[in-house]
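S.K.: When we follow the numbering used here, the leftmost residue of the sequence shown carries the number 1133, and every step to the right adds one. Mind having a look at this structure? Questions to follow.
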Amino acid sequence: MEIIHLILGKANPERLNGVNKVVYQLVSEQSKANKQVSLWGISKDLTHNYPERSFETRLFPIHKNPFKIDVTLEKAILEKKEAVFHLHGGWIPIYSSLAILFAKYQIRFVLTPHGAYNTIAMKRSKWMKKLYFHLFEKKLLEKVYKIHSLGKTEMKGLDSIFPNSKSFLLPYGFDFVENKKSSQPYQSGFVIGFMGRLDVYTKGLDLLMNAFEVFQKTNRNSQLWIVGDGKGRSFLENQIKEKQLQNVIFWGKKFGKEKEELLSKMHVFAHPSRNEGLPSSVLEVAALGIPSVVTHATNIAEYIQNYDAGIAIENNSEQELVQAFETIKKMYDAQNVSHFGMNNIKMLKEVFAWDILVNEYDKLYS
């Protein structure tokens, strides 16, 4: 069975877009497991400007008309009629055109929306999405073979607009090195950290800023580290000025050892998203043994809760976010945090190990 992943962009793991990272890891692991797999990207820039990878990557141009399939892509698809195509993302116009092409030639394809059908995501641009859904997205979902959800919130959101029996629930894996040595947490204050794309609403960064304002009133020595960049940075900087917050540090984009060094100095990682597929950043800090505070919208809260690897909170709750920070701060003060390290590693090994999950993905395609 040949698997071809189709994505907008190039699945560059050095980009802040989480979809890039997880798709890159999935294709890499399938390649490592000797699956016949490749990645096709639809992009404005056809330069192969990404780190060396173990799988074939083909790039095709995108057009001003977002529904138009380039002739080179159509030709390539028709040469691979026996393959299974795995599309990534939701509400992407060209996918509705591809669905028609796939159906016409009876080519099997599956879809991973990556949080696009999450209940909260469905509330953004609600009326526009309703119109688009009835004109385009519904037809895509009717034609697709299976719809891969990363978590229960996504399945619930999808079911609210498209009741179906095509849903396939399976998380992404995470490639980690056990017993890796990392730095000790920052010694000059309690550090709350976030890493990712600075999309204020989606990532719940307004909630994080408000919660930190409250937390800092009784924890003057606390710091908020924000690793990443995006359009929301100017909004956050204005919030800092308006609230007269101290000790909020923007580190910008970081990669490799520099990123890992920063993450390892955090006492707690916060991911209060309103909408997610499954945030790889939470898994990255889990590999370092750092507890996370996550909302249920992240689709990882249930695992964090079950393995006692941090604290799960309700969506949109600044109060619970503050309480979680207070709880973990007290645990650090009492030197009662060693279990977080063991529990996070156990969670990664039992739930997110690629050597187990990679063969489970075969069920998505068969």
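A virtual CB, placed ideally from N, CA and C, is assigned to each residue, including glycine. No experiment lies behind these values; they were computed from the predicted model shown.
1) Whose C-alpha, out of Glu1369, Leu1219, Asn1370, is nearest the C-alpha of Leu1140?
2) Evaluate the contact criterion for the region 1366-1375 versus the region 1283-1294: three or more CB pairs, one atom per stretch, below 8 Å.
3) Spatial neighbours of Val1154 within its chain, please: CB distance less than 6 Å, with the 5 preceding and 5 following residues excluded, ordered by chain position.
4) Jot down the residue ranges of each uninterrupted beta strand (DSSP E) in the region 1423-1496, minimum 3 residues, whole runs only, in chain order.
5) Could you work out which residue in Thr1204, Thr1189, Phe1187 is closest to His1195 when comparing CA atoms only?
6) Taking the C-alpha atoms as reference points, what is the distance between Ala1248 and Gly1289?
7) In its own chain, which residues sit with a C-beta less than 7 Å from the C-beta of Lys1167, not counting the 5 before and 5 after it?
8) With a 10 Å radius around its C-beta and 16 neighbouring C-beta atoms as the bar for buried, classify Met1133 as buried or exposed.
9) Are there 16 or more other CB atoms within 10 angstroms of the CB of Ser1281, so buried, or fewer, so exposed?
10) For Trp1383, which residues of its own chain have a beta-carbon under 7 Å away from its beta-carbon, when the five flanking residues on both sides are left out?
11) Given this structure, state the Cα-to-Cα distance separating Lys1495 from Lys1298, to the nearest angstrom.
12) List the whole-angstrom C-beta distance separating Phe1192 from Val1159, where the pair is believed to meet the contact cut-off of C-beta under 8 Å.
13) Kindly indicate which three-state DSSP category Gly1320 falls into: helix, strand or coil?
14) Hey, how far is the Cα of Leu1340 from the Cα of Phe1472?
15) Over the uninterrupted beta strand (DSSP E) stretch that includes Phe1234, give me the two end residues.
16) Please name the residue in Ala1343, Ile1224, Met1398 whose C-alpha comes closest to that of Lys1375.
17) Quick one: Cα of Tyr1318 to Cα of Met1398, how far?
18) May I have the straight-line CA-CA distance separating Leu1171 from Leu1377, to the nearest angstrom?
19) So what's Leu1339 in DSSP terms, helix, strand or just coil?
20) List the residues that DSSP assigns as beta-bridge partners of Pro1193.
M.R.: Here's the rundown:
1) In the sequence shown, the residue the question calls residue 1140 occupies position 8. Nearest C-alpha to Leu1140: Leu1219.
2) Contact between the region 1366-1375 and the region 1283-1294 is absent, because fewer than three Cβ pairs lie under 8 Å.
3) The residue labelled residue 1154 in the question sits at position 22 within the sequence shown. Residues Tyr1304, Ser1412 of the same chain have their beta carbon placed closer than 6 Å to that of Val1154, with the five preceding and five following residues left out of the count.
4) Counting only runs of 3 or more, we get 1424-1427, 1442-1445.
5) Start at 1 with the first residue of the sequence shown, and residue 1195 comes out as number 63. The shortest Cα separation from His1195 among Thr1204, Thr1189, Phe1187 belongs to Thr1204.
6) Stepping through the sequence shown from its first residue, residue 1248 is reached at position 116. Stepping through the sequence shown from its first residue, residue 1289 is reached at position 157. So the two alpha carbons sit approximately 9 Å from each other.
7) If you number the sequence shown from 1, residue 1167 lands on position 35. Counting only Cβ-Cβ distances below 7 Å, and skipping sequence neighbours, we find Ile1135.
8) For the purposes of this step, residue 1133 is identified with residue 1 of the sequence shown, where counting begins at 1. Around the beta carbon of Met1133, a 10 Å sphere encloses fewer than 16 other beta carbons of the protein chains shown; the residue is thus reported as exposed.
9) Taking the first residue of the sequence shown as position 1, residue 1281 is located at position 149. Buried, by the Cβ-count rule.
10) Here residue 1383 refers to the residue found at position 251 when the sequence shown is read from its first residue. If the five residues before and after Trp1383 are omitted, its C-beta is found closer than 7 Å to the C-beta atoms of Trp1357, Ile1358, Val1359, Leu1394, all from its own chain and listed in chain order.
11) For the purposes of this step, residue 1495 is taken as the residue at position 363 of the sequence shown. For the purposes of this step, residue 1298 is taken as the residue at position 166 of the sequence shown. Looking at the two C-alpha atoms, the distance is approximately 12 Å.
12) The residue you call residue 1192 lines up with position 60 of the sequence shown. The residue you call residue 1159 lines up with position 27 of the sequence shown. Phe1192 to Val1159, Cβ: 16 Å. No contact.
13) Here residue 1320 is taken as the residue at index 188 of the sequence shown, counted from 1. Per the sequence shown, residue 1320 should be read as Ser rather than Gly. Ser1320: coil per DSSP, three-state reduction.
14) Translated into positions along the sequence shown, residue 1340 becomes position 208. Translated into positions along the sequence shown, residue 1472 becomes position 340. When rounded, the distance between both Cα atoms is 22 Å.
15) Translated into positions along the sequence shown, residue 1234 becomes position 102. Counting along the chain, no beta strand (DSSP E) covers Phe1234; the unbroken alpha helix (DSSP H) around it starts and ends at 1225-1236.
16) What you label residue 1375 is simply residue 243 of the sequence shown in a count that begins at 1. Taking only the C-alpha atoms, the option nearest Lys1375 is Ala1343.
17) Start at 1 with the first residue of the sequence shown, and residue 1318 comes out as number 186. Start at 1 with the first residue of the sequence shown, and residue 1398 comes out as number 266. Their backbone Cα atoms lie some 6 Å apart in a straight line.
18) Here residue 1171 is taken as the residue at index 39 of the sequence shown, counted from 1. Here residue 1377 is taken as the residue at index 245 of the sequence shown, counted from 1. Between Leu1171 and Leu1377, the C-alpha separation is close to 44 Å.
19) Along the sequence shown, one-based indexing puts residue 1339 at 207. The answer is helix: DSSP assigns Leu1339 an H, G or I state.
20) For the purposes of this step, residue 1193 is identified with residue 61 of the sequence shown, where counting begins at 1. Per DSSP, Ser1175.
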